[in-house]
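Visitor: A single structure is presented below for examination.
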Amino acid sequence: MWITNVFYSALPIILIDCCAVIEGQTCRQCPGNNWYYFEKTDSCYMKGAGHNHPYNDHERFCVDYGGHLVSVHSQEEEEFIQRFAYPSGFWLGMSRDVYSRWFWTDETIVNFMAWAPGQPDNYNEHEACVYENSEGKWEDKSCNDRSINSSLCKRPAYTAGFDDTDEPQPPSSDRFL
Numbered sequence: 001m002w003i004t005n006v007f008y009s010a011l012p013i014i015l016i017d018c019c020a021v022i023e024g025q026t027c028r029q030c031p032g033n034n035w036y037y038f039e040k041t042d043s044c045y046m047k048g049a050g051h052n053h054p055y056n057d058h059e060r061f062c063v064d065y066g067g068h069l070v071s072v073h074s075q076e077e078e079e080f081i082q083r084f085a086y087p088s089g090f091w092l093g094m095s096r097d098v099y100s101r102w103f104w105t106d107e108t109i110v111n112f113m114a115w116a117p118g119q120p121d122n123y124n125e126h127e128a129c130v131y132e133n134s135e136g137k138w139e140d141k142s143c144n145d146r147s148i149n150s151s152l153c154k155r156p157a158y159t160a161g162f163d164d165t166d167e168p169q170p171p172s173s174d175r176f177l
């Protein structure tokens, strides 16, 4: 079973359920209470936790909710997502292809990295996926590693009252039970 309302933060957070549209401004929002909006990326983030599954299952979980495993494009975004890393880290949407090039599952350009010291090390030449540890640093891991039970999903925000009818619905059943 996936749990989608896990959020840990030492920082105060204000959640606003309604939004007034002011002339010349739009109100961006996320699809539900389990998603957290970050204005600098105009994106929504959700940490999913459940049974231990390989990387590809975590990516499918995020796709089911209208996004992908998180891609990170700046130090500010990295600092924002670090609050989701405690007490356990999560899969990032980055992996390595057969030519040792890193790419994001959402097909955005790789323009930022936050590796832990000594990483990536491609231990035994079997580590092609990326995990953010509980200290907010990246490590390469085997894509089949089942010890990681969390993912961080990212999806675009939408304008309140305009495109919310097109919002994807979560899966009707848990594929991992």
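Counting from 1, position 85 in the sequence shown corresponds to residue 85 in full-length UniProt numbering; the numbering is continuous, with no gaps. Virtual Cβ for every residue (Gly too), placed ideally from N, Cα, C. Computed from a predicted model, the values in this text were never measured in an experiment.
(1) Does the region 63-71 come close enough to the region 140-156 that 3 or more CB-CB pairs lie under 8 Å?
(2) Going by other Cβ atoms of all chains shown within 10 Å of its Cβ, with 16 needed for buried, is Y36 buried or exposed?
(3) Do the region 84-94 and the region 127-143 make contact, defined as three or more Cβ pairs closer than 8 Å?
(4) So the beta strand (DSSP E) F112 belongs to, where does it begin and stop?
(5) Going by C-alpha distance, which of Y55, R28, G136 is nearest I81?
(6) With a floor of 4 residues, list each alpha helix (DSSP H) that falls wholly inside the UniProt domain "C-type lectin" (40-146), ordered by position along the chain.
(7) Considering only residues of the same chain and omitting the five flanking positions on each side of E78, which have a CB-CB separation below 8 Å?
(8) Locate the beta strand (DSSP E) running through V27, then write down its first and last residues.
(9) Using the C-alpha atoms, what's the distance from T105 back to Y158?
(10) Just mark I109 as buried or exposed, buried being the case when its beta carbon has 16 or more other beta carbons within 10 Å.
(11) Would you say H51 and N149 are within 8 Å of each other, going by their C-beta atoms?
(12) Whose C-alpha, out of K40, S134, M46, is nearest the C-alpha of P31?
(13) Would you please state the rounded distance, in angstroms, between the beta carbons of S134 and Y86? I believe it to be under 8 Å.
(14) Look at the alpha carbon of S95 and the alpha carbon of E125, and state the distance between them as a whole number of angstroms.
(15) Whole angstroms is fine: what's the gap from N56's alpha carbon to T41's?
(16) Any idea if D140 is buried or exposed, counting beta-carbon neighbours within 10 angstroms, 16 or more meaning buried?
(17) Between the alpha carbons of E107 and H53, how many angstroms are there, rounded?
(18) Look at W102 and A116 and say whether their C-beta atoms are less than 8 Å apart.
Guide: Looking at the coordinates:
(1) yes
(2) buried
(3) yes
(4) Looking at the DSSP string, F112 is not in any beta strand (DSSP E), and its letter there is neither H nor E.
(5) G136
(6) 55-64, 75-82
(7) V72, F112, A114, G136
(8) It is Cys, not Val, that sits at residue 27 in the sequence shown. Looking at the DSSP string, C27 is not in any beta strand (DSSP E), and its letter there is neither H nor E.
(9) 20 Å
(10) exposed
(11) yes
(12) M46
(13) 6 Å
(14) 13 Å
(15) 24 Å
(16) buried
(17) 23 Å
(18) no
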